[in-house]
Structure formats: structure tokens, C-alpha cells
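Enquirer: For the record, in the sequence shown the residue sitting at position 145 is 145 according to full-length UniProt numbering, with numbers rising by one throughout.
Even glycine gets a Cβ: it sits at the ideal position worked out from N, Cα and C.
Bear in mind the structure is a predicted one, so any value in this text is a computation, not a measurement.
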Amino acid sequence: MLYRTITLLGLATISSIAVVLPTHGQSTPFTKSGTALPSKDTSAAIEQLGTVGVEEWKTQRTQPRELTADPEGLDPAGRAALEMSGEQTKSVPFVVPNSMIIQFKPSTTAEQIEDYVKSKNVEVIQTFPNIGAIQIEVDISQYFEPRLSDQSSNDAILRGVTTAISEFRKDSRVHAATPDILLTDKSGHDPEADPTSALPPETAAPVAAMAGEVMDWGVSDIEADQLWNMPGARDGAILGVLDVGFSRHTDLIFLGLPPETKPDNHGNHVAGIGCGLHNGKGVQGVLPNCFVRARAGDVFFEAMGGNPELRFMVLFGQILSTLDRFVLEQSDIRTFNVSLGYNWRRNFGINPDLPESSQWRTLVEMQGLMLVTVLERADQSGKVIFSAAGNDSSGLGVPIQAKYASPFNWAAITARERGIADNGYIVGAHGSNGSRAGFSNSGAQISCPGVNVLSAVAFDANSQPSDSAYGKMSGTSMASPYCAAAHVLLKLVRPGYTGAEIARCMLATNVNTDDGTPRLKLTQALAACPPRG
1 MLYRTITLLG LATISSIAVV LPTHGQSTPF TKSGTALPSK DTSAAIEQLG
51 TVGVEEWKTQ RTQPRELTAD PEGLDPAGRA ALEMSGEQTK SVPFVVPNSM
101 IIQFKPSTTA EQIEDYVKSK NVEVIQTFPN IGAIQIEVDI SQYFEPRLSD
151 QSSNDAILRG VTTAISEFRK DSRVHAATPD ILLTDKSGHD PEADPTSALP
201 PETAAPVAAM AGEVMDWGVS DIEADQLWNM PGARDGAILG VLDVGFSRHT
251 DLIFLGLPPE TKPDNHGNHV AGIGCGLHNG KGVQGVLPNC FVRARAGDVF
301 FEAMGGNPEL RFMVLFGQIL STLDRFVLEQ SDIRTFNVSL GYNWRRNFGI
351 NPDLPESSQW RTLVEMQGLM LVTVLERADQ SGKVIFSAAG NDSSGLGVPI
401 QAKYASPFNW AAITARERGI ADNGYIVGAH GSNGSRAGFS NSGAQISCPG
451 VNVLSAVAFD ANSQPSDSAY GKMSGTSMAS PYCAAAHVLL KLVRPGYTGA
501 EIARCMLATN VNTDDGTPRL KLTQALAACP PRG
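If you want it as C-alpha cells, here you go:
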């Protein structure tokens with residue numbers, strides 16, 4: 001992919017702008033040279049398989065195995081949450097021991113797939129024909145048996161995950177294999193930006209009732225408001241948001257929100273950043289006339305501090321299923337936002353960049369391989385996916401790389417490196433001073449506002465459900481929808497460009513964070529994408 005930096009001297013001098021082409025690690029524009037797609041026969045064979053169905057499997061689903069967090073490795077927010085709980089340690093659900101997700105090699109035949117299911121004597125839970133994968137019900141608990149040599153219970157979990165991956169990949173028909181792992185949202189906490197906050201990371205800081213309508217600092221930071229009066233900017237637009245939960249809100253219009261969707265601050269906050277209504281009350285979103293197509297995966301949840309708010313953890317298999325349908329079948333949406341990841345340090349006290357974390361990286365790679373195929377499928381219809389860089393870096397001298405913070409990030413980088421697709425973008429966060437947020441992982445391709453962001457939430461200051469509550473949250477989860485919604489806005493005013501071209505124009509900026517990541521400036525993106533006949 002071609003990263004373009006532009007020196008902008010003012011919109012009045014657009015015709016005289018000189019375009020410079022630094023490469024940020026790539027010396028040539030992106031050229032498609034590979035594929036991860038299954039053959040048509042492979043997809044058709046998978047589609048014909050009988051399934052027990054997710055709902056039936058859920059009745060048999062066993063409790064997830066838990067990882068015990070290393071208190072010394074937790075980030076500041078994780079340590080604060082642990083102290084607030086009054087416990088010495090915390091355990092977090094991590095892996096379901098009766099399921100595997102198998103992605104077949106692209107040329108696997110119908111006979112080979114049928115034989116695989118029969119020879120393994122397994123039930124198929126659900127199929128993902130678009131990416132050549134299936135989820136099977138299989139007991140992998142034997143891989144998690146403890147040993148006398150284990151230093152902690154985590155040793156058995158790590159060994160079980162990596163052994164299951166290794167054993168299932170021994171079959172010559174299998175391209176990738178992973179147990180079903182739980183992911184969480186990527187809201188964060190920046191003690192430098194908000195040193196007085198003692199709230200758990202997933203809890204929004206509520207704000208008092210607001211008179212009239214306000215515009216959060218991030219909207220002006222990315223210069224979205226400077227495009228609002230341009231032709232096309234106020235046309236109706238749809239933003240696709242995949243998150244952990246959503247709730248009806250007076251400042252949001254959802255399209256076809258499934259009735260079983262659980263309420264959650266995080267999903268509403270993300271949706272509000274992009275699509276908060278311009279209706280004279282509440283908070284204005286990036287898009288002046290926006291509708292939210294929201295989907296949440298199947299969730300596990302646990303109460304937080306005895307209040308009605310829930311902390312959601314989403315199974316990778318259900319995220320994959322949602323992506324398979326949501327991203328690949330929604331023809332009216334071209335831009336998607338995903339703010340889910342492992343939250344290694346906050347949840348588990350794990351630094352995935354360390355040499356001793358290679359087995360954790362293997363897990364990310366297996367799940368990422370499947371998402372590479374999702375990206376390529378999405379790229380075929382001109383769809384772009386923005387994913388949050390992750391919030392694992394608080395208190396570290398060297399920030400953690402975004403690549404292993406989530407399988408979405410690994411897939412975006414790998415798809416581009418292998419010449420498969422260049423439609424995945426990783427978004428880092430910066431504060432109002434323009435510097436990288438202390439929690440934000442490094443290696444993002446673009447940075448957007450992500451500290452003390454005001455938006456809609458699902459629960460009020462008393463933790464009661466509300467359709468008119470607002471709160472401030474920090475995280476790369478907040479930065480990512482700023483970029484995704486800006487992508488839609490720029491496409492509205494520059495309809496002659498493809499989604500991929502619009503994304504490249506968004507990288508055209510002469511303003512960077514202190515770590516060199518391009519900060520989104522829509523007036524400069526506009527100049528990089530001049531009108532086309």
C-alpha cells in the first residue's frame with residue numbers, strides 16, 4: 001500500500017500542493033499477488049454440511065477455562081481494578097474446551113471435507129463457507145490436564161491451547177486451527193490523561209445532563225466539521241459496527257438491531273462517536289446524517305461490582321460467524337469498525353512482545369489467518385475494515401506492538417505483507433495534545449482521538465439502563481470509530497474514489513503523533529483526493 005504525505009499550505013492553494021511519497025516500510029504501491037480464498041468447490045462443500053447449530057451447542061457448552069492474571073504484569077488499569085476488588089489475584093475466562101474452529105486449505109475437495117468430519121467423529125456446530133472453515137464440537141479438555149512440573153495453572157491452559165492447535169494442524173487438509181477464545185472490548189484508561197479516575201476500565205465516566213448539543217474535541221481534531229457543509233456530506237450514510245453490545249438511545253438510529261442484543265456502554269459509545277445525531281441535543285457524531293448497522297457476537301458476561309452493568313467477553317467463533325454474515329453479506333455498508341481484542345496486560349498481565357510469549361503469538365496467528373480470508377472477501381466488494389490498535393502499553397517504556405493485540409490487527413498487517421488485501425487499517429489513539437495516548441499500542445497506520453472522548457452510553461451515573469446517558473471513555477476503541485466514520489464522510493464528499501483510495505488519502509498528512517504515526521486531518525485528506533469528473 002502507498003502511504004502518501006502531503007504538505008498543505010491551505011485549501012486555497014490545492015492546485016499547487018506538492019505530493020511527497022514516503023514509504024513507511026513499503027517502497028512500492030500495494031500489488032495483489034496472493035490469495036487466501038477457498039475454491040468454489042470447497043465453499044460449496046462446506047455449505048452442504050449438516051450442523052447442530054449454535055443454539056443447540058450452547059446448551060452443551062462447558063464453562064470456559066480461566067487464566068489467572070499475573071498481578072506484576074497487569075497494566076495500571078488492571079492493577080487498579082484488582083485493588084478495587086479487594087482480591088489478591090483475578091481469573092479471567094479464556095478458552096472453551098469443547099470446540100475447535102478449523103479452516104481448510106483452499107483446494108480441499110468435498111470428499112476430503114466429508115471424510116474429515118466422519119473420521120474425526122465430530123459434530124459440526126456451524127459453517128463459514130465464505131472463508132472455508134467450520135466450527136466443530138470436540139472435547140479438547142485432555143490437552144488442559146495439569147502436570148506436576150507446572151509453575152501455575154496458566155501453564156496447563158497455555159499448553160492446552162498450543163497442543164490443540166498443533167494436533168489439529170497435523171492433518172494435511174487443515175490450513176489453520178484454533179480453540180474458541182474469548183475477546184473483550186478495547187476501552188482503556190490513561191492515568192496521565194485522567195489521573196483522578198478510579199473507575200474500572202470498562203465503566204464510562206458519566207457526565208451531567210447537558211443543555212443543548214455539544215461537539216466533542218475529537219470531531220474538530222480530525223476536522224470533520226469542516227466537511228459538513230460540502231455537497232454530499234449530509235446524505236444518509238450507514239456505518240457498520242461490530243462490538244460487544246448496544247442499547248437503544250435517543251441520539252442513535254439503529255437499523256435492524258437484533259432484539260436479543262445486550263446493552264453495553266462500549267458499543268453505544270463507539271456508535272455515538274461516528275453516528276451521534278445532529279438533532280440539537282446530546283453529542284454530534286462525525287457523520288451529520290448517519291445510521292448504525294450494529295451487530296454483537298454471542299456473549300459471556302459477569303457482573304461488575306454488583307451493579308447491573310456487565311463486562312462482556314465475546315467468543316471468537318461468534319465474532320467469526322458475525323463477520324462472515326455481517327461484513328460479507330451487507331451490501332449497503334462499505335466501512336466497518338471492530339474494537340475487540342485480547343487486552344493481554346489488562347486482563348492477564350501478559351506482554352505478547354516478549355520472547356517467552358511466542359506461544360501466545362501462535363494463537364493470534366491461527367485466528368488471524370482466518371481473518372486474512374475475511375479481509376480478502378471484503379476487499380472483493382470494496383469494503384474497508386478499521387480495527388483498534390489495543391491498549392496494552394500503559395506504563396511501559398517501549399509500547400507493545402499492535403500486531404499481536406488482536407487477530408484483526410495481525411490479519412491487516414499479514415494480508416498486506418502477503419499481497420492478499422490492503423483494506424485493513426489499524427488505528428492508534430492520541431490525546432488532545434496530539435501525543436500518542438500512554439495506553440495506545442504502537443505500529444498503527446493512523447491515529448485518531450482516543451482520550452476522554454464524550455459519547456452516548458447505555459447506563460447512567462447510577463448504573464441504571466438509560467436511553468439518554470452520556471459518558472467519557474478512553475481507548476483505541478474510541479479512536480477507531482473516528483477513523484471509520486471519517487472514511488464514510490470523505491467518501492460522501494469524494495464519491496469518485498474507491499474505499500481503498502479514500503483510506504490512502506486519509507494517510508496524507510503532515511501532522512504526526514510524537515511516535516511518528518500520521519494523525520487524521522480530513523482537510524488534508526480532501527486535498528489528496530481532488531474531485532473526479
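By the 10 Å Cβ neighbour count, where 16 or more other Cβ atoms means buried, how is glycine 382 classified, buried or exposed?
Expert: By the 10 Å Cβ count, glycine 382 comes out exposed.
Enquirer: Count Cβ pairs between the segment 106-120 and the segment 153-167 that sit closer than 8 Å; are there 3 or more?
Expert: Taking 8 Å as the limit for Cβ pairs, the verdict is that the segment 153-167 does not touch the segment 106-120.
Enquirer: Leaving out five residues on either side along the sequence, give the residues of the same chain with a beta carbon under 8 Å from the beta carbon of threonine 163.
Expert: If we look at threonine 163 and ignore the five residues flanking it on each side, its Cβ neighbours are Tyr143.
Enquirer: With distances taken from CA atoms, which of Leu158, Ile140, Ala45 and Pro93 is nearest glutamine 103?
Expert: It is Ala45.
Enquirer: Are at least three pairs of beta-carbons, each pair with one atom in the segment 451-463 and one in the segment 224-244, less than 8 Å apart?
Expert: Short answer: they don't touch.
Enquirer: For the alpha helix (DSSP H) holding methionine 473, just list the boundary residues, first then last.
Expert: Segment 465-473 is the beta strand (DSSP E) holding methionine 473; no alpha helix (DSSP H) there.
Enquirer: Between serine 43 and arginine 79, what straight-line distance do the alpha-carbon atoms span, to the nearest angstrom?
Expert: Cα to Cα, serine 43 sits roughly 46 Å from arginine 79.
Enquirer: Who are the near neighbours of asparagine 409 in its chain, counting only those whose CB is closer than 6 Å to its CB and skipping five residues on each side?
Expert: Counting only Cβ-Cβ distances below 6 Å, and skipping sequence neighbours, we find Ser387, Ala402, Lys403 and Ile426.
Enquirer: CA-CA distance, glutamate 417 and glycine 50?
Expert: If I take the Cα positions, the gap works out to 36 Å.
Enquirer: Excluding the 5 residues flanking serine 432 on each side, which residues of the same chain have their C-beta closer than 8 Å to its C-beta?
Expert: Answer for serine 432: Trp217, Asp221, Pro449, Val451 and Asn452, listed in chain order.
Enquirer: Could you spell out the range, first to last residue, of the alpha helix (DSSP H) harbouring phenylalanine 65?
Expert: Going by the sequence as given, residue 65 is arginine instead of phenylalanine. Premise fails: arginine 65 lies in the beta strand (DSSP E), 65-68, not in any alpha helix (DSSP H).
Enquirer: Could you tell me whether the segment 327-339 touches the segment 365-380, where touching means 3 or more Cβ pairs closer than 8 Å?
Expert: Short answer: they touch.
Enquirer: Residue range of the beta strand (DSSP E) that serine 99 falls in?
Expert: Its beta strand (DSSP E) spans residues 91-104.
Enquirer: Which residue from Asn289, Leu489, Phe128 and Pro93 puts its Cα closest to that of alanine 224?
Expert: Looking at the Cα atoms, Leu489 is the closest of the given residues.
Enquirer: Taking DSSP as the reference, what is the three-state secondary structure of glutamate 56?
Expert: It is helical.
Enquirer: Around the Cβ of arginine 532, are there at least 16 other Cβ atoms within 10 angstroms (buried) or fewer (exposed)?
Expert: Classification of arginine 532: exposed, given that the 10 Å Cβ count is below 16.
Enquirer: Looking at the strands, I want to know which residues DSSP matches up with aspartate 180.
Expert: Val96.
Enquirer: How about arginine 345 and aspartate 515: do their beta carbons lie closer than 7 Å?
Expert: Result no, Cβ atoms of arginine 345 and aspartate 515 do not sit closer than 7 Å.
Enquirer: Rounded to a whole number of angstroms, what is the C-alpha to C-alpha distance between alanine 296 and glutamine 318?
Expert: Between alanine 296 and glutamine 318, the C-alpha separation is close to 9 Å.
Enquirer: Would glutamate 302 be called buried (16 or more neighbouring beta carbons within 10 Å of its own) or exposed?
Expert: Summary for glutamate 302: the model assigns pLDDT 44, below 50, so the residue's position carries little reliability; its value from the coordinates is reported in the next sentence. So glutamate 302 counts as exposed.
Enquirer: Buried or exposed: which applies to arginine 504, given that a residue is buried once 16 or more other Cβ atoms fall within 10 Å of its Cβ?
Expert: Under this definition arginine 504 is a buried residue.
Enquirer: Excluding the 5 residues flanking alanine 176 on each side, which residues of the same chain have their C-beta closer than 7 Å to its C-beta?
Expert: For alanine 176, where only same-chain residues beyond five positions count, the Cβ hits under 7 Å are Gln103, Met366, Leu369 and Met370.
Enquirer: If I follow the unbroken beta strand (DSSP E) through methionine 215, where does it start and stop?
Expert: Per DSSP, methionine 215 belongs to the beta strand (DSSP E) from 213-215.
Enquirer: Whole angstroms are fine: how far does the CA of serine 435 sit from the CA of arginine 311?
Expert: Residue placement at arginine 311 cannot be trusted, given a pLDDT of 48 that sits under 50; the coordinates are not used to answer.
Enquirer: For histidine 278, which three-state DSSP category applies?
Expert: Coil, per DSSP.
Enquirer: For valine 219, which residues of its own chain have a beta-carbon under 7 Å away from its beta-carbon, when the five flanking residues on both sides are left out?
Expert: If we look at valine 219 and ignore the five residues flanking it on each side, its Cβ neighbours are Asp225, Gln284 and Val286.
Enquirer: Do you know offhand how far alanine 198's Cα is from serine 39's?
Expert: A caution first: alanine 198 carries a pLDDT of 35, below 50, which makes its placement in the model unreliable, though a value can still be read off. Answer to the nearest angstrom: the Cα atoms are 52 Å apart.
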